[in-house]
Structure formats: C-alpha cells, structure tokens
Amino acid sequence: MTKLSVNINKIATLRNSRGGNVPNLLNVAADIERFGGQGITIHPRPDERHIKYQDARDLVSVVKTEFNIEGNPIQSFIDLVLETKPTQVTLVPDAIDAITSNAGWDTIKHQSFLQEVVQEFQQNGIRTSIFIGTDVKLIEAAAKTGSDRIELYTEDFAAQFNAGNKEAVKPYTAAAVVAHNLGLGINAGHDLSLDNIQFFKENIPNLAEVSIGHALIVESLYLGLENVVNMYLHRLQ
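Here the numbering used here is used: position 42 in the sequence shown is 33, and no number is missing along the way.
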C-alpha cells in the first residue's frame, strides 16, 4: 500500500497570518495521524513564512508515524535535520524566494554535492529522498549519490491530467520502473489531488509514498479534514 504523508505547510500559513497559535500546528498533525494519515511532511524555508524551524523541533515529540522534512540543503537546513533526526529528509533544489517547489534536481551537475549530503544524513540514520523529474539519466545519476529514494515531481502530470491528457502519466511510469530497477524507493508529490491520485497510483509501480499538502487542505475546506484524509487512503489502496 502507498503511504499518505500530509504536508501541513498550509496550516502553518494560516496560523502565521494572524499570529498566535490558531490553528495549533501540533494538534493538527496529531489529528491527521489519528484520522489515519501515515506521515507528516513539512517544508521549512529560510524566511520561515509558513513552517518555522521551531515547528520542526516541536513536531519531533508529536509525530508518531513518519516525519518527513523537505528542503534545500543549505547549512541551516542541514543543521535542523541533524538536530531533529526525522524519518526521512527530502532534498529539494528550491530557490530561497520560491513560492513553491518548481523543479527537480540536476543530479548530474550536483552529484558530488548530493552524495556528500546524502551520506551525512544516512550516517545519522535518516532516510534520504531526492526530488526529481522523469529524465532517466538524472534518475540514474540520483542512484549514484547513494540516495534511498527519489520523489517524482508531479506538477506536469497534474496539469496535463487536468486538461484531459492521461498519456501524461507514461513518463512517470517509465521513470518508476527505472528507479525500482536501480534499487531506489519511489515517492511522489506536487499538485496531486483527489481527482488524480487514484489514476496516478494505478499507473506507478512500487509507489511507496505520496506527499500531499495544498490540494488536501483546500479539499478539506469543503469536505472536512478527517473525511479527506480517509478519501485519499481509500484511493491509495
């Protein structure tokens, strides 16, 4: 079964918009797990405009399933991950001013750097994943870094699926086959939603985990958080 990790960045954005601690990020994370969520994902950025570094520290004692921290491995991020020791760290090459992640790694150009970062995290017992597109050469290079997993960047699939093009999943299927044959675990994320998640899951062999935030929180405004978490779990079975 593919695991559902819920990205709670948007909860932090809502909290920060008024100051204070409403909604309570820690309570929401615990509730998501109580509703059946199999992981919690956060993506702290240097300006802390949603998830704050202290949130990562506070969540360590709250998250009982899998804790996944995403981000660009600048030194402050590396230090935070080594301090909190989550289940998994997902390396994302987003610029400091990026609104959201918008590209996967060039694992050929940055192979040496990624190899060093991966090795440091693994030596501290932290599973590593590299955010990446579907280019087979880049997936092969990702495997050479020693990473445990890749996370397929699914924005293009989601956009084309929404436009009626179901053929858009084919490069992801092929990428997943290559990754699995290279010994890489397969995660996926970005713009996955209730509308496309079942189709994506059915076409991606050996899909270990999806990380979903924006769509899940938006859908929860209409349908309720507990209901939406369970709708995702049903589609992922």
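In this text, a Cβ means the ideal position worked out from N, Cα and C, and glycines have one as well.
Measuring only the C-alpha atoms, how far is residue i from residue j?
{"i": "G155", "j": "D186", "result": "12 Å"}
{"i": "D22", "j": "N15", "result": "11 Å"}
{"i": "T56", "j": "T78", "result": "9 Å"}
{"i": "I33", "j": "E158", "result": "31 Å"}
{"i": "L5", "j": "I60", "result": "19 Å"}
{"i": "P162", "j": "Q66", "result": "33 Å"}
{"i": "T81", "j": "I141", "result": "8 Å"}
{"i": "P35", "j": "N7", "result": "13 Å"}
{"i": "A179", "j": "T145", "result": "7 Å"}
{"i": "A206", "j": "N194", "result": "20 Å"}
{"i": "V160", "j": "N63", "result": "26 Å"}
Is residue i buried or exposed, if buried means 16 or more other CB atoms sit within 10 Å of its CB?
{"i": "L214", "result": "exposed"}
{"i": "N0", "result": "buried"}
{"i": "G137", "result": "exposed"}
{"i": "Q29", "result": "buried"}
{"i": "N153", "result": "exposed"}
{"i": "A165", "result": "exposed"}
{"i": "G116", "result": "exposed"}
{"i": "D46", "result": "buried"}
{"i": "A150", "result": "exposed"}
{"i": "V13", "result": "exposed"}
{"i": "N18", "result": "exposed"}
{"i": "L212", "result": "exposed"}
{"i": "V(-3)", "result": "buried"}
{"i": "E24", "result": "buried"}
{"i": "V51", "result": "exposed"}
{"i": "S103", "result": "exposed"}
CB-CB under 7 Å to residue i, same chain, minus the five flanking residues each way: which ones, in chain order?
{"i": "G27", "result": "V220, N221 and L224"}
{"i": "N197", "result": "A167, H171 and I177"}
{"i": "L73", "result": "N115"}
{"i": "K76", "result": "N115, G116 and I117"}
Since residue i sits in a beta bridge, which residues does DSSP pair it with?
{"i": "E200", "result": "K(-6) and N178"}
{"i": "Q79", "result": "N59 and R118"}
{"i": "G30", "result": "S(-4) and E57"}
{"i": "R140", "result": "S120 and G176"}
For residue i, which residues from the same chain have a beta carbon less than 6 Å from its beta carbon, with the 5 sequence-adjacent residues on both sides left out?
{"i": "L173", "result": "A134"}
{"i": "D97", "result": "none"}
{"i": "I203", "result": "L183"}
{"i": "A3", "result": "L16, H41 and I42"}
I'd like the list of long-range same chain contacts for residue i, defined as Cβ closer than 8 Å, with 5 residues on each side in sequence excluded.
{"i": "I99", "result": "K128, L129 and A132"}
{"i": "K192", "result": "T(-7), L198, V201, R226 and L227"}
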